[in-house]
Amino acid sequence: MMNKRLMESRGYSFKCNLGEGMFGKVVSAYSSRLKRRVAIKVIDKKKVNPSYLEKFLSREMEIIRSLNHPHIIKTLDIFESHTSKVYVVMELCVKGDLLKHINVRGALPEHSSCRLFTQLCKAVQYLHNNDMAHRDLKCENMLLDTHFNLKVCDFGFSRRLTYADGRLVLSETFCGTSSYASPEILRSYPYNPKVSDVWSMGVVLYMMLYAAMPYDSSNVRRMVRIQIQHNINFPHTPSVSSEAQDLIRSILHPVCLSFLNCRCDDPGSSADKKKN
1 MMNKRLMESR GYSFKCNLGE GMFGKVVSAY SSRLKRRVAI KVIDKKKVNP SYLEKFLSRE
61 MEIIRSLNHP HIIKTLDIFE SHTSKVYVVM ELCVKGDLLK HINVRGALPE HSSCRLFTQL
121 CKAVQYLHNN DMAHRDLKCE NMLLDTHFNL KVCDFGFSRR LTYADGRLVL SETFCGTSSY
181 ASPEILRSYP YNPKVSDVWS MGVVLYMMLY AAMPYDSSNV RRMVRIQIQH NINFPHTPSV
241 SSEAQDLIRS ILHPVCLSFL NCRCDDPGSS ADKKKN
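Residue numbers for the sequence shown follow the UniProt record's numbering, so the first one is 1 and each next one is one higher.
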């Protein structure tokens, strides 16, 4: 149970539940200080795997405090109760997440997909320019505000990028969701997390345009084989421009992905393969 008395002492009046997950819930509340409704993620540290608590939760809290971009969910406050519950106060996006929107409305018109994808690109560019990677980009982790603007959320697998002798230290941790993951991650290869973020963005764009995933993830081994063969199926309906299809092909290209993993940060040399 969340501590409503603690919330009220911080100026937050509980309104309703927005959703529940494995480690806690998200609720809506009214902030007397901000004079508006907010979303509060309540994380029960007692339910969190100790290794996740040590490695990922502390990273997430540090990173979300530092973020400031119009297309990334703004963290407004963080506090903890004596019962080991962490309260993360964020701006509220009343339209819900992108996946739910697609499930209800179907594929988005191409002009709407283009607009949202541009906003996603700006958010990810901001992260990468500041040496951060999200590592779990998917439609569920993209919220829509009143004006149908996209906001990236859930930085539970995010990390700051590190370098050794001027070379990017590759990630080896399996992060994210298999249907959005690049072939390197699915094959347990060390990977450049920035490049893998871009792969996930290609899957998101396909999902917006077709209301379907580009690959069948029910058999991961078969999915990886199809990814490596660069075999992407584009349905006849809805009608999508050749330019948009070409963009998806260029993003979901395993040859380019492999090349970029070695070259994008340090031309002429491979990145150190250190676990992180």
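We put the beta carbon where it would ideally sit given N, CA and C, even for glycine.
Bear in mind that the values here come from a model prediction, so they are computed numbers and not experimental data.
Per DSSP, residue i is paired with what?
i     : result
Phe79 : Tyr87
Please report how far the alpha carbon of residue i lies from the alpha carbon of residue j, in whole angstroms.
i      : j      : result
Lys41  : Ser28  : 9 Å
Leu137 : Arg225 : 22 Å
Leu18  : Ser158 : 23 Å
Ser9   : Glu80  : 12 Å
Glu20  : Val26  : 6 Å
Ser269 : Leu67  : Legend: pLDDT at Ser269 = 34, less than 50; position of this residue unreliable, value from coordinates given subsequently. Each residue's alpha carbon lies about 31 Å from the other.
His82  : Lys45  : 11 Å
Ser239 : Leu247 : 15 Å
Phe148 : Ser113 : 11 Å
Leu170 : Asn192 : 5 Å
Ile228 : Cys139 : 23 Å
His71  : Met132 : 15 Å
Gln245 : Pro109 : 14 Å
Can you tell me which of the options puts its alpha carbon nearest to the alpha carbon of residue i?
i      : options                       : result
Gly176 : Val203, Thr162, Leu161        : Val203
Leu76  : Ser84, Leu92, His82, Thr83    : Leu92
Gln119 : His128, Leu150, Leu143, Tyr52 : Leu150
Ser218 : Leu161, Gly11, Tyr180         : Tyr180
Val89  : Lys47, Arg36, Val104, Lys100  : Arg36
Leu34  : Lys122, Arg65, Ser13, Leu252  : Ser13
Would you decide whether residue i is buried or exposed? Buried here means 16 or more other CB atoms lie within 10 Å of its CB.
i      : result
Val94  : exposed
Glu184 : buried
Lys273 : Reliability of the predicted coordinates at Lys273 is poor, the pLDDT of 36 falling under 50, and no value is obtained from them.
Arg222 : exposed
Phe56  : buried
Pro190 : buried
His236 : exposed
Asp154 : buried
With a cut-off of 8 Å on the beta carbons, I'd call residue i and residue j a contact; round off their distance for me.
i      : j      : result
Phe117 : Met207 : Their Cβ separation, rounded to whole angstroms, is 11 Å, which puts Phe117 and Met207 out of contact at 8 Å.
Asn141 : Val124 : So it is not a contact: roughly 12 Å between Cβ atoms.
Ser178 : Leu186 : 6 Å
Pro254 : Ile232 : Contact flag wrong, Cβ pair sits at about 11 Å.
Do we get a CB-CB distance below 8 Å when we pair residue i with the residues of chain D?
i      : result
Met223 : The structure shown contains no chain D; it holds only a single protein chain.
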